[in-house]
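Asks: In mature numbering (1 follows the signal peptide of the UniProt record, and there is no 0), the protein residues as written are -21 to -1, 1 to 216. All C-beta atoms, glycine included, are put in the ideal place defined by N, C-alpha and C. These numbers come from a predicted model, not from an experiment.
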């Protein structure tokens, strides 16, 4: 296209009475290289990342219901922003081992990677014992309890981010605090930004079948028990 334009220009000049130097076939071209540069800095991590709505992670969670979970307020390059509270209602003591669905309708955990390194990270969890009357003469511990979290969904607060971490499809938390299990895992160049893993109740059910408690009622007391779940987020080396 460039040579055609040059020939047309030469012809128009000739008929106007001007002499034009001919373009020689096979004439050598010249080329040179230049640079374009840009540098980036890591984002400001002095403020915590606010929880997002698990039903639509592009929107903030408003309001934050303390019965569902709580905002951690963590600050830094990689943070756990929100952790769930898991409730299972009342269980009848009949001397058998029972598996009951959670009454929590939208439990989820939220993490953010603002390190701008692309190293990846791992979110893990472990559960302590279910205890009642802790620190009192009536303290009692349930043995052999387990919590199952199944068919969780991983989502980003930014739908354009596709390098997603991998969520564990079947998670078993064993009472006693000795077994740590992986919840989400981000390999190199994955999991940057804000991510949630959620176990939301299906619309058809009254309870949440994605989160279950296994408990032996034989040793239970007619009291309220509580177990602590510890969530840990570590960056890959």
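Alpha carbon to alpha carbon, what distance is there between residue 198 and residue 118?
Replies: Here residue 118 refers to the residue found at position 139 when the chain shown is read from its first residue. Here residue 198 refers to the residue found at position 219 when the chain shown is read from its first residue. About 13 Å.
Asks: Report all residues from its chain with a CB closer than 7 Å to the CB of residue 32; omit the five preceding and five following residues, and keep chain order.
Replies: The residue you call residue 32 lines up with position 53 of the chain shown. So the list reads 38, 39, 40, once near-sequence residues are dropped.
Asks: Suppose you measure from the CA of residue 149 to the CA of residue 159; what does that come to, to the nearest Å?
Replies: Along the chain shown, read from residue 1 onward, the residue named residue 149 stands at position 170. Along the chain shown, read from residue 1 onward, the residue named residue 159 stands at position 180. Rounded to whole angstroms, residue 149 to residue 159 spans 14 Å at the Cα level.
Asks: To the nearest angstrom, how far is the alpha carbon of residue 54 from that of residue 138?
Replies: Reading the chain shown from its first residue, position 75 is the one you call residue 54. Reading the chain shown from its first residue, position 159 is the one you call residue 138. Straight-line Cα distance between these residues: approximately 23 Å.
Asks: Measure the CB-CB distance between residue 30 and residue 60 and report whether it falls below 8 Å.
Replies: Walking along the chain shown from the start, residue 30 turns up at place 51. Walking along the chain shown from the start, residue 60 turns up at place 81. Closer than 8 Å, so yes.
Asks: Measuring CB to CB, does residue 192 end up less than 8 Å from residue 79?
Replies: On the chain shown, position 213 is the one that residue 192 refers to. On the chain shown, position 100 is the one that residue 79 refers to. Yes. Within cutoff.
Asks: Contact defined as beta carbons within less than 8 Å: I believe residue 102 pairs with residue 83. What is the distance between those atoms, to the nearest angstrom?
Replies: As a first step, residue 102 must be located in the chain shown, where it is residue number 123. As a first step, residue 83 must be located in the chain shown, where it is residue number 104. Actually they do not touch by this definition, with Cβ atoms about 19 Å apart.
Asks: On the CB-based measure, 16 or more other CB atoms within 10 Å of its CB, does residue 205 come out buried or exposed?
Replies: Residue numbering aside, residue 205 sits at position 226 when the chain shown is read from its first letter. When all chains shown are included, residue 205 counts as exposed.
Asks: Can residue 201 and residue 72 be called in contact, C-beta distance under 8 Å?
Replies: Mapped onto the chain shown, residue 201 falls at position 222. Mapped onto the chain shown, residue 72 falls at position 93. It is a contact, given that the beta carbons lie within the stated cut-off.
Asks: How many Å lie between residue 105 and residue 16 at the Cα?
Replies: Along the chain shown, read from residue 1 onward, the residue named residue 105 stands at position 126. Along the chain shown, read from residue 1 onward, the residue named residue 16 stands at position 37. Near 46 Å, if we compare the C-alpha coordinates of residue 16 and residue 105.
Asks: To test your reading of the DSSP string, which unbroken beta strand (DSSP E) runs of 3 or more residues are found completely within the region 77 to 123?
Replies: If we require 3 residues or more, the beta strand (DSSP E) runs fully inside the region 77 to 123 come out as 87 to 92, 100 to 106, 109 to 111, 119 to 121.
Asks: Relative to the C-alpha of residue 69, which residue among 216, 196, 164, 214 is closest?
Replies: Numbered from its first residue, the chain shown carries residue 69 at position 90. Here the closest residue by C-alpha is 196.
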